[in-house]
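Residue numbers (our numbering): 10 to 102. Quick reminder that beta carbons are idealized off the backbone N, C-alpha and C, glycines included. Down below is the structure, laid out as structure tokens.
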């Protein structure tokens, strides 16, 4: 079974998500940005979600995690919870 580890941050607007993504692109640390801005409890841990398999996350999130290149920031990804930035940190086929 394909497994992945990822981290994310969750905010309430696409604009805020894009702004944070630009800051990360410009050199800000993903984990620090998650700690400062994410509304998800995982933000306290730098957005770390641990390891999971296909189908364990919401559909939109799952599609990105299992198709995006490893170690690249993806998003904004809109789900029922808000707007996410995602970074797949590893994936095993």
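Put simply, of 12, 98, 11 and 10 the residue whose alpha carbon is nearest the alpha carbon of residue 56 is 98.
Taking 8 Å as the upper bound for CB-CB distance, residue 13 and residue 70 are not in contact here, some 11 Å apart. A Cβ-Cβ separation of about 6 Å places residue 29 in contact with residue 46 under the 8 Å criterion. Secondary structure at residue 61: strand, using DSSP grouped into helix, strand and coil. Taking 9 Å as the cut-off, the beta carbon of residue 23 is found closer than this to the beta carbon of residue 92.
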